[in-house]
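In the numbering used here, the protein residues as written are 2 to 522.
Here you go:
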């Protein structure tokens with residue numbers, strides 16, 4: 002571990018002030034990259050192609066991307082090609098750039114807004130940046146990792162190798178492990194090597210940050226993160242150790258008592274007692290369960306069983322109780338579920354077939370209602386207040402009954418749907434959307450498209466859309482903390498960052514982080 006105060010590559014840059022209502026708060030209620038793998042887990046699962054019921058596996062529509070991270074006072078922008086991180090202060094837009102390791106790949110900020118943590122894939126280390134002083138502590142981690150996730154309290158980051166994610170820095174030779182993880186204490190700078198099961202797929206934490214759960218093929222590794230020297234408990238979750246079914250996802254009860262594990266091709270859910278660190282029961286859940294989620298109120302674990310067209314509703318605090326079984330509309334293929342934040346409804350859909358439908362589940366009445374879409378579903382997201390649904394559609398996929406004369410045939414698209422009255426606005430897109438972000442108050446959303454110089458602005462109250470032209474190709478998008486302002490990182494050899502105010506329609510741009518450049522009007 003090394004500590005240093007890095008001299009900025011550029012002088013502190015004072016630029017024109019923008020009027021911002023900068024409130025305390027943690028950035029990005031809903032941000033990500035379209036079409037990726039699980040976002041907060043830090044990794045996704047690519048199961049075998051044969052799901053056992055004749056359809057492809059469901060694609061998780063959470064998001065993963067190299068994107069700026071933010072505290073209540075700063076935005077940190079990773080510049081991978083230049084091995085730097087630029088800190089932009091809010092609201093003054095003062096820019097300071099510092100050097101980190103080689104090929105920074107992931108940046109996360111701690112919930113207390115005191116630190117930004119950067120995983121440097123090319124140099125196999127982590128840069129812990131003091132948000133105020135820009136002092137950097139560098140901690141070496143094990144080689145050949147490509148992912149990093151952070152505990153809810155910000156004390157720990159876990160680095161590991163996710164085989165489902167393509168790496169820009171592949172291993173070039175020598176010995177390589179697929180069972181190792183690196184634990185880094187972001188407060189003390191200590192590093193701990195831990196051996197878990199083969200092929201870490203997903204990492205989850207209890208809400209209080211006391212435990213970390215690492216999902217692997219044969220085992221669930223439970224990390225005691227409140228210990229000064231974190232211990233590991235290995236829990237066997239596969240009955241067949243010779244040909245174990247891939248563990249696809251884990252969900253944790255809010256009180257941290259139980260973990261629920263879904264495995265590929267298994268018609269039951271494994272329940273782990275986290276206090277005992279042992280598998281205590283397997284709950285039958287119908288045929289081919291393809292999704293598992295905890296309800297927003299934490300009371301239930303809901304399993305979508307695509308093969309038997311059912312929902313199995315488990316008591317999250319008493320997994321030994323008999324689950325409630327709900328039959329889904331018999332004419333529909335349903336494999337995924339997404340709950341509204343207030344738990345009043347859930348969205349049911351499939352990404353595994355060219356079905357241009359979605360179904361809503363009214364949690365109060367129990368009624369299921371199916372509605373049409375212009376194209377099949379590639380991914381679903383909800384606005385922070387749950388009032389608007391975003392449905393992403395791929396150019397390559399159309400329903401069998403879609404005429405080739407439809408303007409949406411063979412095109413990328415996005416549908417905005419009001420979940421209050423189910424009005425919709427389908428948008429034809431010029432390219433695939435690659436990232437989106439939501440204002441924390443739920444009023445606006447933003448997205449960018451592949452190789453396009455545009456910021457797309459969504460007004461959720463009106464279901465309307467505005468297109469803002471940028472100076473170069475958009476790469477990442479986010480929202481300034483405590484505001485509705487969007488920031489867009491763009492391609493430029495010296496760095497380019499734009500800020501957009503939806504209330505005034507004003508776009509301001511900083512180009513050349515390392516050349517003392519200023520706002521371009």
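Backbone N, C-alpha and C define an ideal beta-carbon position, used for all residues, glycine too.
Residue burial classification, residue i (beta-carbon count within 10 angstroms, cutoff 16)
i	result
residue 264	buried
residue 198	buried
residue 523	This structure cannot settle anything about residue 523, because the visible part of the chain is limited to 2 through 522.
residue 126	buried
residue 491	buried
residue 401	exposed
residue 523	This structure cannot speak to residue 523, because the chain is shown only from 2 to 522.
residue 227	exposed
residue 134	exposed
residue 301	buried
residue 77	buried
residue 28	Here the model assigns residue 28 a pLDDT of 23, short of 50, so the residue's position is not dependable and the matter cannot be decided.
residue 463	exposed
residue 500	buried
residue 40	Note that residue 40 scores 32 on pLDDT, short of 50, meaning its location in the model is unreliable and no value can be drawn from it.
residue 423	exposed
residue 440	buried
residue 229	exposed
residue 250	buried
residue 311	buried
residue 122	buried
residue 421	exposed
residue 379	buried
residue 177	exposed
residue 147	buried
residue 48	Only weak support exists for where residue 48 lies, its pLDDT of 45 falling under 50; the value from the coordinates is given anyway. Classification for residue 48: buried.
residue 59	buried
residue 494	exposed
residue 24	With a pLDDT of 27 at residue 24, under the threshold of 50, the predicted position of this residue should be treated as unreliable, though the coordinate-derived value follows. The residue is exposed, with fewer than 16 neighbouring Cβ atoms inside 10 Å.
Contact belief for residue i with residue j at Cβ below 8 Å, rounded distance in angstroms
i	j	result
residue 233	residue 186	So it is not a contact: roughly 16 Å between Cβ atoms.
residue 478	residue 469	In fact, because the Cβ distance is near 11 Å, the residues do not count as touching under 8 Å.
residue 75	residue 132	6 Å
residue 324	residue 281	Rounded, the Cβ-Cβ distance is 15 Å, inconsistent with contact.
residue 275	residue 252	12 Å between Cβ atoms; not a contact.
residue 349	residue 362	6 Å
residue 211	residue 175	Between residue 175 and residue 211 the Cβ distance is about 36 Å, and since that is not below 8 Å, they are no contact.
residue 299	residue 385	Residue 299 to residue 385, Cβ: 18 Å. No contact.
Residue i, enclosing beta strand (DSSP E) - first and last residue
i	result
residue 203	203–206
residue 367	Careful: residue 367 lies outside any beta strand (DSSP E) and carries neither H nor E.
residue 416	414–419
residue 85	85–90
residue 451	No beta strand (DSSP E) holds residue 451; DSSP gives it neither H nor E.
residue 268	It is not in any beta strand (DSSP E) - residue 268 carries neither H nor E in the DSSP assignment.
residue 439	434–439
residue 232	Counting along the chain, residue 232 falls outside any beta strand (DSSP E), and DSSP gives it neither H nor E.
residue 130	126–131
residue 105	105–110
residue 77	75–80
residue 325	325–328
residue 472	Run containing residue 472: none; DSSP gives neither H nor E here.
residue 338	337–340
residue 101	Where residue 101 is concerned, there is no enclosing beta strand (DSSP E), given that its DSSP letter is neither H nor E.
residue 214	212–216
residue 286	Careful: residue 286 lies outside any beta strand (DSSP E) and carries neither H nor E.
DSSP bridge partner residues for residue i (one or two, in chain order)
i	result
residue 493	According to DSSP, which records beta bridges pairwise, residue 493 is partnered with nothing at all.
residue 465	460
residue 274	259, 279
residue 505	For residue 505, which the question treats as bridged, DSSP gives no partner whatsoever.
residue 479	488
residue 253	260
residue 93	Residue 93 is not bridged to any residue.
residue 294	303
residue 315	302
residue 426	417
residue 499	489, 510
residue 121	105, 126
Chain B contact for residue i (CB, 8 Å cutoff)
i	result
residue 196	No chain B appears in the structure shown, which is made up of a single protein chain.
Any non-hydrogen atom of the ligand NAD within 7 Å of residue i CB
i	result
residue 457	The ligand NAD is not part of the structure shown, which contains no ligands of any sort.
Quick check on the DSSP output: what are the complete alpha helix (DSSP H) runs of length 4 or more inside the region 133–197, in order along the chain?
Correct list: empty.
Any beta strand (DSSP E) of 3 or more consecutive residues that is wholly inside the region 346–411
346–350, 358–363, 369–373, 380–383, 389–394
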